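Heads up, the sequence shown is in UniProt numbering, so the first residue is 1 and it goes up one at a time. Here is the structure we will look at, set down as structure tokens.
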Amino acid sequence: MNKDTIEGNWKELKGKVKEQWGKLTDERLDEIAGRREQLAGEIQQAYGVTRDEADKQIKDFEQIRKH
């Protein structure tokens with residue numbers, strides 16, 4: 001899944017993202033609108049992880065979603 005896929009399928013993926021990162025509110029998810037950089041920043045803030053860790057979590061999420 002690449003950046004375009006995340007943005008293009010955001011409405012479909014939003015529920016799965018909410019399941020994975022439950023601290024992110026619907027309002028924040030609407031503002032993120034599938035933008036990977038914003039999602040990483042929100043994960044970083046909500047969960048107190050590094051940017052690298054947030055990026056890794058997104059990458060792992062994408063890999064799971066591929067299968």
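By construction, the Cβ of each residue, glycine as well, lies at the ideal position given by its N, Cα and C atoms. Values in this document were obtained by computation on a predicted structure and should not be read as measured data.
Put simply, the backbone Cα of residue 59 is about 23 Å away from that of residue 27. For residue 24, there is no enclosing alpha helix (DSSP H), since its DSSP letter is neither H nor E. Closest in C-alpha terms to residue 19, from the list 43, 50, 52, comes 43. Between residue 65 and residue 11, the beta carbon gap of about 14 Å keeps them out of contact (Cβ cut-off 8 Å).
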